[in-house]
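Colleague: My questions all concern the structure below.
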Amino acid sequence: MRDSQNTTVAIVVNSDGRTIANSATFIRSHIEAISARFNVITLVGNPGSRRIYESGRDLQGQSVFHRGFRKAARLLTGKSVVEQDNALLARLFRQHKVGAVFCEYGMSGVGVLACCKVLDLPLIVHFHGYDAYRYDIIETYQSRYAEMFDYASTIIAVSKDMQKALADRYGNIHKILHSSCGANPRDIVDRTKSTQRKAQFVYLGRLTPKKDPLGVIECFSRAAEQLSGYRLAIIGDGELRVQCEQKVHNAGLSDRVTFYGTLEHEAALGIVAESSLFVMNSVTAESGDKEGTPVSLMEAMAAGLTPLGTRHGGIMDIIEDGVSGYLYDEHDYEALTQLMVKVARQKDRSKIEANAQRFALEHLDEAKKTAVINDTIRSAIAGQPGSIS
2 MRDSQNTTVA IVVNSDGRTI ANSATFIRSH IEAISARFNV ITLVGNPGSR RIYESGRDLQ
62 GQSVFHRGFR KAARLLTGKS VVEQDNALLA RLFRQHKVGA VFCEYGMSGV GVLACCKVLD
122 LPLIVHFHGY DAYRYDIIET YQSRYAEMFD YASTIIAVSK DMQKALADRY GNIHKILHSS
182 CGANPRDIVD RTKSTQRKAQ FVYLGRLTPK KDPLGVIECF SRAAEQLSGY RLAIIGDGEL
242 RVQCEQKVHN AGLSDRVTFY GTLEHEAALG IVAESSLFVM NSVTAESGDK EGTPVSLMEA
302 MAAGLTPLGT RHGGIMDIIE DGVSGYLYDE HDYEALTQLM VKVARQKDRS KIEANAQRFA
362 LEHLDEAKKT AVINDTIRSA IAGQPGSIS
């Protein structure tokens with residue numbers, strides 16, 4: 002049911018390419034869910050180059066002439082790109098009777114803060130990961146984040162670790178709502194319940210330092226000596242792909258490790274479902290970047306796999322050690338190797354698998370998560386405080 006036929010919510014997504022990345026399914030999910038409750042206008046792109054997602058129309062002309070004209074105006078008035086952008090947004094928001102602004106990523110919130118202040122609009126900012134943790138982002142946006150936190154109606158953090166980190170830096174703990182993204186666990190249960198399991202570990206994620214796929218390969222190579230029947234499936238691509246393939250080759254495991262690259266969701270889920278154990282080896286990158294709460298882990302739990310994960314970010318929020326999976330410290334390869342061997346040799350993992358699946362069904366449903374977002378927006382429009390957990 003729609004909250005109002007008259008209230009419009011502006012969704013703002015800063016993006017260098019003026020598009021929503023294929024991997025950002027959670028953003029599309031948010032747009033769809035908010036659109037079901039409110040009138041919506043979505044702006045994608047950075048200040049000065051935004052486009053309206055629904056129509057594909059540029060907010061400002063992007064020709065050489067138009068860009069040159071705006072540059073000349075900045076030289077004459079002393080205004081910045083962001084100031085020009087906010088003035089245009091203010092006109093757009095008035096025209097569309099915008100009642101609240103919902104921003105994906107902290108930098109998007111900073112970009113529209115001045116406009117929200119001028120129009121006295123409630124601002125909800127959804128942090129996701131790197132925008133909360135990366136050292137260069139924190140240094141660049143420190144003062145502007147602090148100003149945004151003071152003004153915003155609600156800040157959404159996708160893990161308890163992120164909630165604490167943001168509160169420690171910017172205060173306003175009463176405004177910071179912990180709510181992760183979600184999955185479609187019931188659909189996954191229905192689609193995977195008859196899948197035959199293989200003696201296989203599976204890794205699903207980008208091949209980047211934050212995911213530490215090299216560590217997964219290292220631990221599998223050690224465990225493989227004791228687990229002759231087990232294989233490792235690696236789904237995903239990234240800058241570490243060549244190093245990962247070389248490490249597998251050097252370990253003599255090319256016949257036991259399969260690199261699938263990037264797959265469509267359905268195909269990736271099929272490989273996950275036919276595996277037995279899911280490895281989520283996320284670590285804090287040298288840049289400070291950390292995970293939120295990985296959707297791939299949620300889906301693996303819904304599919305009934307036994308998850309092994311690091312004590313990192315939101316992983317700790319959804320795996321209860323020894324109950325719905327197993328946790329180990331970041332970079333503790335000895336611990337992960339031992340877990341791989343121990344859990345693979347367990348004759349009956351049904352209790353852990355059932356607990357993981359039950360948790361996914363009860364707590365990780367995407368519809369429940371997007372309902373929290375809509376309720377937060379509705380409360381902000383009504384001038385009421387959100388529900389903080």
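Sequential numbering from 2 applies to the sequence shown in our numbering.
Glycine residues also receive a C-beta, built at the ideal position from the N, C-alpha and C atoms.
Remember, it's a predicted structure, so these values are computed and weren't measured experimentally.
(1) Which value, in whole angstroms, describes the spacing of the CA atoms of L264 and K98?
(2) Count the other CB atoms, across all protein chains shown, that sit within 10 Å of the CB of D151; report buried if there are 16 or more and exposed otherwise.
(3) Report yes if the C-beta distance between V344 and Y327 is below 8 Å; otherwise report no.
(4) Around the Cβ of K72, are there at least 16 other Cβ atoms within 10 angstroms (buried) or fewer (exposed)?
(5) Straight-line CA distance for H364 to F66?
(6) Check whether the segment 213-229 and the segment 177-186 touch, using three or more Cβ-Cβ pairs below 8 Å as the test.
(7) Exposed or buried, which one is G57 when buried takes at least 16 other CB atoms within 10 Å?
(8) For G1, does the three-state DSSP call read helix, strand or coil?
(9) Cα separation between G107 and F94?
(10) Measure the CB-CB distance between L362 and R192 and report whether it falls below 8 Å.
(11) Looking at the secondary structure, which residues open and close the alpha helix (DSSP H) in which I353 lies?
(12) Please say whether R51 and L44 have beta carbons closer to each other than 8 Å?
(13) Can you name, in chain order, every residue of its own chain whose Cβ lies under 7 Å from the Cβ of G237, other than the five neighbours on each side?
(14) Just checking, does the segment 330-339 make contact with the segment 369-383 on the three C-beta pairs under 8 Å criterion?
(15) What do you get for K118, buried or exposed, if any count of 16 or more other CB atoms within 10 angstroms of its CB means buried?
(16) Only counting runs of 3 or more residues, tell me where the beta strand (DSSP E) segments fall wholly within the segment 125-160, in order along the chain.
(17) Using 8 Å for Cβ pairs, my map puts D14 next to I28. What's the rounded Cβ distance?
(18) In terms of residue numbering, what span does the beta strand (DSSP E) encompassing G310 cover?
(19) Assess, as a yes-or-no matter, whether the segment 253-273 is touched by the segment 294-308 under the definition of 3 or more beta carbon pairs within less than 8 Å.
(20) Just to confirm before moving on: does the CB-CB distance between I125 and A101 stay below 8 Å?
(21) Short of 7 Å in beta carbon distance, which residues of its chain neighbour P308, apart from the five on each side in sequence? Order them along the chain.
Modeller: Concretely, from the data shown:
(1) 41 Å
(2) exposed
(3) yes
(4) exposed
(5) 52 Å
(6) no
(7) exposed
(8) This structure cannot settle anything about residue 1, because the visible part of the chain is limited to 2 through 390.
(9) 20 Å
(10) no
(11) 351-364
(12) yes
(13) L205, G206, R207, L208, T263
(14) no
(15) exposed
(16) 155-158
(17) Position check: residue 14 holds Val in this sequence, whereas Asp was assumed. Confirmed, about 6 Å.
(18) 307-311
(19) yes
(20) yes
(21) F279, M281, L298, A301, M302, I320, G326, A357
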